[in-house]
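Colleague: First, the structure itself, so that you have it in front of you.
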Amino acid sequence: MDSDDVYRYLGILQATTPAVAIIKSQLLGEFELRLDLVLKTELYGKNKIMAINTFAIPVLLYTFGVIQWSNTDLEAVNRRVRVVLANNNMHSRAAEKLRITIPRHQGGRGVLDLKTLHYNQVHSLREFFYEKQSSSQIHQATVMADNKLSPLNLRSREWDPMSNVTSVQQKINMWKEKPIHGGHIKNLLLSGIDIEASNKWLTNGVLFYGTEAFLTSI
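Numbering (UniProt numbering), first residue to last: 1 to 218.
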């Protein structure tokens, strides 16, 4: 086998090490293809976003914890999603970008945050290996050997993948601090305001995607 040769194992291209650059290029191509297919439909806004979450995003989710995705990579894909949504009249460039990945029942648009998904997956896989190592020599050896060899970095028990994640509550707090866009969420969280009823138009999802984009630009 030459150094440039690759083969496929469990759906992941391999050479002497995983062919990360090739894998990422192919994954992002398939992700954008699926994203475009969803956005060409005439689904309502909520249903388009559900389709993105269940049809497009899993293409990338499959590799989280297997190949290395940097914060820069993940933020770039999140940004690309916003750009594509804006180009297809599903998101206003004047809107608060934090709102896109906040759940709909909390006033957001409900698109899954790829950075959060990545580190949740890494955290879950690390916990799995740590749990199994006490009863499995293979898992124990893997933990000892993985000194930054995989995205899990299993030898470092001190590393907390979730420290890279911005929680929904943190996003809401940052949204509230925005001088223009923060007014809406501040009013929504006032005492006496029925948040569930106020966000019913988002959770019901019966608005045309362009209308929803316009209304969430405030």
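All C-beta atoms in this analysis are idealised placements derived from N, C-alpha and C, irrespective of residue type, glycine included.
(1) Give the straight-line distance between the Cα atoms of E196 and H105, rounded to the nearest whole angstrom.
(2) Out of curiosity, what's the CA-to-CA distance linking D200 and V84?
(3) Under 8 Å Cβ to Cβ from T41, same chain only, skipping five residues before and after it: list those, please.
(4) Below 8 Å between beta carbons: does that hold for P151 and I23?
(5) With contact counted as at least three CB pairs below 8 Å, one residue from each stretch, are the region 157-166 and the region 107-120 in contact?
(6) Taking the alpha-carbon positions, what's the V38 to P161 distance?
(7) Over the uninterrupted alpha helix (DSSP H) stretch that includes Y130, give me the two end residues.
(8) Who are the near neighbours of W175 in its chain, counting only those whose CB is closer than 7 Å to its CB and skipping five residues on each side?
(9) To the nearest angstrom, how far is the alpha carbon of H139 from that of F64?
(10) In angstroms with no decimal places, state the Cα-to-Cα distance between N187 and D194.
(11) When the Cα atoms are used, what is the spatial distance from V59 to G192?
(12) Specify, as a first and last residue, the run of the alpha helix (DSSP H) that H139 falls within.
(13) Under the three-state reduction of DSSP, which class applies to I172: helix, strand or coil?
(14) Tell me the rounded alpha-carbon separation between L215 and G107.
(15) Enumerate in chain order the residues of its own chain whose CB-to-CB distance from V143 is below 8 Å, with the five nearest sequence positions on each side excluded.
Modeller: This is what the structure holds:
(1) The alpha-carbon atoms of E196 and H105 are separated by roughly 7 Å.
(2) Residue identity differs from the one stated: residue 200 is Lys in this sequence, not Asp. Separation of K200 and V84 (C-alpha to C-alpha, rounded to the nearest whole angstrom) is 26 Å.
(3) Cβ neighbours of T41 beyond the five flanking positions: K48 and A51.
(4) No, the Cβ-Cβ distance between P151 and I23 is not below 8 Å.
(5) Verdict: yes, contact present.
(6) Distance between the alpha carbons of V38 and P161 is about 31 Å.
(7) Going by DSSP, Y130 is part of the alpha helix (DSSP H) stretching over L114 to K132.
(8) The answer, listed in chain order, is E96, L98, R99, H181, G182 and I185.
(9) Near 19 Å, if we compare the C-alpha coordinates of F64 and H139.
(10) Here the alpha carbons of D194 and N187 stand approximately 11 Å from one another.
(11) Computed Cα separation, rounded: 42 Å.
(12) For H139, the enclosing alpha helix (DSSP H) begins and ends at Q137 to A145.
(13) DSSP, read as helix, strand or coil, puts I172 in helix.
(14) Distance between the alpha carbons of L215 and G107: 11 Å.
(15) So the qualifying residues of the chain are F129, Y130, Q133, L154 and R155.
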